[in-house]
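Residue numbers (the UniProt record's numbering): 1 to 162. Below: one structure, written as structure tokens.
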């Protein structure tokens, strides 16, 4: 870039010397030199025009930013074992109402997630071992896992009273 500017500037300096202040030819240059200068000037402007194409050819097209995929902690696993750190009650998003029972679970991978406890009633408390499977609750924010009932310390759902 600097070289092209320098060479183009030298060309304009030669032109100003050749034509003088009042556009009257002072020194007549041989035609071969004039042709060489014109060729150089044309190549200089062509190089400037094609510079972006050259960069595109050398580096390839600009890298597009890929969409961020919502990677869950459980993705890649069918089930994970975890330990309940705390049971919490979450409130669902707008059209729904009620209280949803959830648990903050530390998984065997070391990650902490909020998992939904399905069914009516549960016996989970701090330090309970649970089995967690993927699958989010659409009406709860940031709940992307479910606890499997009837496995480890989580009791199965009691039969509905009639």
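For each residue, glycine too, the CB sits at the ideal point set by N, CA and C. As the structure is a prediction and not an experimental result, all values here were calculated from the model.
Kindly identify the DSSP beta-bridge partner or partners of residue i.
i: residue 129; result: 83
i: residue 90; result: 100
i: residue 134; result: 145
Just to confirm the assignment, what range does the beta strand (DSSP E) spanning residue i have?
i: residue 52; result: Careful: residue 52 lies outside any beta strand (DSSP E), inside the alpha helix (DSSP H) at 51-59.
i: residue 143; result: Here residue 143 belongs to no beta strand (DSSP E), and DSSP marks it neither H nor E.
i: residue 113; result: 112-116
i: residue 107; result: 100-107
Should residue i go down as buried or exposed, given a rule of 16 or more other Cβ atoms within 10 Å for buried?
i: residue 96; result: exposed
i: residue 157; result: exposed
i: residue 74; result: buried
i: residue 141; result: exposed
i: residue 113; result: buried
i: residue 88; result: exposed
i: residue 82; result: buried
i: residue 67; result: exposed
i: residue 111; result: exposed
May I ask you to report which of helix, strand or coil DSSP gives residue i?
i: residue 38; result: helix
Please indicate yes or no: does the CB of residue i lie closer than 7 Å to some heavy atom of the ligand ADP?
i: residue 159; result: The ligand content of the structure shown is nil, which means the ligand ADP is not present either.
Between residue i and chain D, is there a C-beta pair that is closer than 8 Å?
i: residue 67; result: Absent from the structure is chain D; it holds one protein chain and no more.
For the 8 Å Cβ check, are there 3 or more pairs between the segment 54-64 and the segment 87-104? The answer is no - the segment 87-104 does not touch the segment 54-64, with fewer than three Cβ pairs under 8 Å.
Quick check: the segment 145-155 against the segment 125-133, are at least 3 beta-carbon pairs closer than 8 Å? Between the segment 125-133 and the segment 145-155, the count of C-beta pairs closer than 8 Å reaches three or more; the two stretches touch.
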